[in-house]
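Note sheet for the following structure.
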Amino acid sequence: MPASLTSGINFIPDDVVESKTREGYKKRGFLVGLVIVGLFVVAGAGIFIYNKTLEAQLSRIQQDISEKQGEITRLIPAGESGYVLGTRLEEIEFLLNDRRYYSKLMDLLKRTTPETVNLTDWNVSENTLTLTGTTPSTYSPIAEFKENLLNDKSDDPQIIKEVLFENAALNKEDKIITFTLKIDLSPEGLKESIK
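In this note's numbering, the protein residues as written are 375 to 569.
So, in C-alpha coordinates, the structure goes:
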(Lines of atoms letter the chains of each structure in order from A and count residues from 1; the text may use other names and numbers.)
(Lines give C-alpha, C1' and ligand atoms only; values in the text may rest on other atoms or scores of the structure.)
Protein backbone atom coordinates (compact mmCIF):
# COMPACT_ATOMS: atom_id res chain seq x y z
CA MET A 1 0.00 0.00 0.00
CA PRO A 2 1.23 3.27 -0.89
CA ALA A 3 1.69 5.81 1.82
CA SER A 4 -0.50 8.28 0.20
CA LEU A 5 -3.57 6.11 0.37
CA THR A 6 -3.45 5.42 4.11
CA SER A 7 -2.09 8.72 5.28
CA GLY A 8 -5.44 10.37 5.68
CA ILE A 9 -7.07 7.47 7.40
CA ASN A 10 -7.10 7.29 11.18
CA PHE A 11 -7.33 3.74 12.42
CA ILE A 12 -7.45 4.78 16.11
CA PRO A 13 -10.84 5.96 17.20
CA ASP A 14 -11.09 9.55 18.50
CA ASP A 15 -12.41 8.37 21.86
CA VAL A 16 -9.26 6.40 22.48
CA VAL A 17 -7.02 9.40 21.75
CA GLU A 18 -9.08 11.65 23.98
CA SER A 19 -9.16 9.09 26.78
CA LYS A 20 -5.38 8.61 26.54
CA THR A 21 -4.92 12.40 26.67
CA ARG A 22 -7.25 12.60 29.64
CA GLU A 23 -5.40 9.79 31.38
CA GLY A 24 -2.10 11.65 30.78
CA TYR A 25 -3.60 14.78 32.31
CA LYS A 26 -4.94 12.72 35.20
CA LYS A 27 -1.52 11.14 35.80
CA ARG A 28 0.17 14.54 35.66
CA GLY A 29 -2.52 16.02 37.91
CA PHE A 30 -2.13 13.09 40.29
CA LEU A 31 1.65 13.59 40.36
CA VAL A 32 1.24 17.34 40.91
CA GLY A 33 -1.29 16.58 43.66
CA LEU A 34 1.09 14.08 45.23
CA VAL A 35 3.90 16.64 45.14
CA ILE A 36 1.62 19.29 46.69
CA VAL A 37 0.41 16.85 49.37
CA GLY A 38 4.03 15.83 49.99
CA LEU A 39 5.01 19.48 50.39
CA PHE A 40 2.11 20.01 52.80
CA VAL A 41 3.13 16.90 54.76
CA VAL A 42 6.75 18.06 54.92
CA ALA A 43 5.68 21.61 55.90
CA GLY A 44 3.25 20.23 58.48
CA ALA A 45 5.92 17.93 59.90
CA GLY A 46 8.35 20.89 60.03
CA ILE A 47 5.79 23.05 61.82
CA PHE A 48 4.97 20.18 64.19
CA ILE A 49 8.66 19.64 65.01
CA TYR A 50 9.18 23.41 65.39
CA ASN A 51 6.21 23.60 67.79
CA LYS A 52 7.51 20.65 69.82
CA THR A 53 10.96 22.29 69.98
CA LEU A 54 9.40 25.57 71.14
CA GLU A 55 7.31 23.72 73.74
CA ALA A 56 10.45 22.00 75.06
CA GLN A 57 12.31 25.32 75.22
CA LEU A 58 9.32 26.98 76.89
CA SER A 59 9.09 24.22 79.50
CA ARG A 60 12.86 24.55 80.16
CA ILE A 61 12.49 28.32 80.52
CA GLN A 62 9.52 27.90 82.87
CA GLN A 63 11.52 25.41 84.93
CA ASP A 64 14.46 27.88 85.06
CA ILE A 65 12.06 30.64 86.12
CA SER A 66 10.64 28.52 88.94
CA GLU A 67 14.19 27.63 90.09
CA LYS A 68 15.23 31.30 90.00
CA GLN A 69 12.07 32.27 91.90
CA GLY A 70 13.03 29.69 94.52
CA GLU A 71 16.51 31.23 94.75
CA ILE A 72 14.98 34.70 95.03
CA THR A 73 12.67 33.48 97.78
CA ARG A 74 15.65 32.01 99.63
CA LEU A 75 17.58 35.29 99.22
CA ILE A 76 14.78 37.55 100.51
CA PRO A 77 15.78 37.15 104.19
CA ALA A 78 19.42 37.86 103.29
CA GLY A 79 18.37 40.98 101.39
CA GLU A 80 16.23 42.17 104.27
CA SER A 81 19.01 41.59 106.79
CA GLY A 82 21.46 43.28 104.40
CA TYR A 83 19.19 46.30 104.26
CA VAL A 84 18.94 46.39 108.05
CA LEU A 85 22.71 46.02 108.39
CA GLY A 86 23.27 48.74 105.79
CA THR A 87 20.95 51.07 107.67
CA ARG A 88 22.72 50.29 110.94
CA LEU A 89 26.08 50.86 109.29
CA GLU A 90 24.94 54.30 108.11
CA GLU A 91 23.73 55.11 111.63
CA ILE A 92 26.98 53.90 113.18
CA GLU A 93 29.01 55.91 110.68
CA PHE A 94 26.89 58.96 111.49
CA LEU A 95 27.41 58.40 115.23
CA LEU A 96 31.15 57.95 114.80
CA ASN A 97 31.36 61.16 112.78
CA ASP A 98 29.27 62.93 115.42
CA ARG A 99 31.50 61.50 118.13
CA ARG A 100 34.58 62.87 116.39
CA TYR A 101 32.75 66.13 115.81
CA TYR A 102 31.78 66.49 119.47
CA SER A 103 35.17 65.22 120.58
CA LYS A 104 36.78 68.01 118.57
CA LEU A 105 34.48 70.56 120.21
CA MET A 106 35.17 69.14 123.69
CA ASP A 107 38.93 69.31 123.09
CA LEU A 108 38.57 72.93 122.01
CA LEU A 109 36.54 73.80 125.11
CA LYS A 110 39.03 72.05 127.43
CA ARG A 111 41.93 73.99 125.90
CA THR A 112 40.29 77.40 125.89
CA THR A 113 38.17 77.50 129.07
CA PRO A 114 39.83 79.49 131.89
CA GLU A 115 40.03 77.79 135.30
CA THR A 116 37.56 80.22 136.87
CA VAL A 117 34.87 79.51 134.24
CA ASN A 118 32.49 76.65 134.95
CA LEU A 119 30.46 75.48 131.92
CA THR A 120 27.05 74.25 133.05
CA ASP A 121 25.26 73.54 129.77
CA TRP A 122 25.95 73.33 126.09
CA ASN A 123 23.68 72.85 123.10
CA VAL A 124 24.57 72.26 119.45
CA SER A 125 22.11 72.97 116.66
CA GLU A 126 23.09 73.21 113.01
CA ASN A 127 26.33 75.19 113.05
CA THR A 128 25.81 76.95 116.37
CA LEU A 129 27.16 75.99 119.79
CA THR A 130 25.42 77.68 122.72
CA LEU A 131 27.32 77.56 126.03
CA THR A 132 26.00 78.48 129.46
CA GLY A 133 28.36 78.86 132.35
CA THR A 134 29.26 80.66 135.56
CA THR A 135 32.24 82.56 136.86
CA PRO A 136 32.86 84.22 140.24
CA SER A 137 32.18 87.98 140.47
CA THR A 138 34.21 89.30 137.52
CA TYR A 139 33.58 89.49 133.79
CA SER A 140 37.24 89.20 132.77
CA PRO A 141 37.27 85.33 132.65
CA ILE A 142 34.34 85.49 130.20
CA ALA A 143 36.23 87.96 127.99
CA GLU A 144 39.35 85.78 128.26
CA PHE A 145 37.28 82.72 127.29
CA LYS A 146 35.91 84.54 124.25
CA GLU A 147 39.40 85.62 123.18
CA ASN A 148 40.77 82.11 123.72
CA LEU A 149 38.05 80.65 121.50
CA LEU A 150 38.64 83.18 118.73
CA ASN A 151 42.43 83.03 118.85
CA ASP A 152 42.92 79.28 119.29
CA LYS A 153 45.33 78.18 116.57
CA SER A 154 45.49 74.52 117.59
CA ASP A 155 43.04 73.55 114.88
CA ASP A 156 43.83 74.03 111.28
CA PRO A 157 41.45 74.87 109.69
CA GLN A 158 39.68 77.06 112.23
CA ILE A 159 36.40 75.60 113.46
CA ILE A 160 35.07 78.80 115.07
CA LYS A 161 33.74 81.65 112.96
CA GLU A 162 32.42 84.01 115.62
CA VAL A 163 31.73 84.19 119.37
CA LEU A 164 28.88 86.40 120.64
CA PHE A 165 27.67 87.17 124.16
CA GLU A 166 23.99 86.45 124.42
CA ASN A 167 23.61 87.51 128.02
CA ALA A 168 25.42 87.82 131.31
CA ALA A 169 23.83 88.36 134.73
CA LEU A 170 25.36 88.90 138.16
CA ASN A 171 23.67 87.25 141.12
CA LYS A 172 24.24 89.82 143.87
CA GLU A 173 23.76 87.37 146.73
CA ASP A 174 26.47 84.85 145.86
CA LYS A 175 28.37 87.17 143.46
CA ILE A 176 28.38 84.60 140.65
CA ILE A 177 27.96 85.69 137.03
CA THR A 178 25.85 83.46 134.81
CA PHE A 179 26.54 83.94 131.10
CA THR A 180 25.57 82.53 127.70
CA LEU A 181 27.84 82.51 124.67
CA LYS A 182 26.68 81.79 121.14
CA ILE A 183 29.47 80.34 119.00
CA ASP A 184 29.09 80.12 115.21
CA LEU A 185 30.96 77.08 113.95
CA SER A 186 32.53 76.62 110.54
CA PRO A 187 31.07 73.41 109.06
CA GLU A 188 33.92 73.20 106.55
CA GLY A 189 36.49 73.61 109.32
CA LEU A 190 34.81 70.91 111.42
CA LYS A 191 34.60 68.50 108.50
CA GLU A 192 38.24 69.06 107.68
CA SER A 193 39.34 68.76 111.29
CA ILE A 194 37.67 65.36 111.86
CA LYS A 195 39.13 63.68 108.78
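Where a beta carbon is used, it is the ideal one built from N, C-alpha and C, also for glycine. These numbers come from a predicted model, not from an experiment.
Enclosing alpha helix (DSSP H) for residue i [first to last residue]
i, result
"K520", "514-525"
Cβ neighbour criterion (16 or more within 10 Å) applied to residue i
i, result
"T447", "exposed"
"I410", "exposed"
"T486", "buried"
"L503", "buried"
"L483", "buried"
"L449", "exposed"
Residue interval of the beta strand (DSSP E) (run including residue i)
i, result
"N501", "Careful: N501 lies outside any beta strand (DSSP E) and carries neither H nor E."
"G535", "With the sequence shown as reference, residue 535 is identified as Lys, and Gly is not the correct amino acid for it. Its beta strand (DSSP E) spans residues 534-545."
"D558", "550-559"
CA nearest to the CA of residue i, picked from the options
i, options, result
"N492", "T554, D526, E397, E429", "T554"
"T508", "E500, I533, I534, A542", "A542"
"T512", "N525, T506, T490, N522", "T490"
"L544", "S433, E536, I516, I435", "I516"
"I557", "K535, K549, G407, E547", "K535"
Within 9 Å, strictly: CB atoms of residue i and residue j
i, j, result
"N501", "S560", "yes"
"P488", "I551", "no"
"V537", "K520", "yes"
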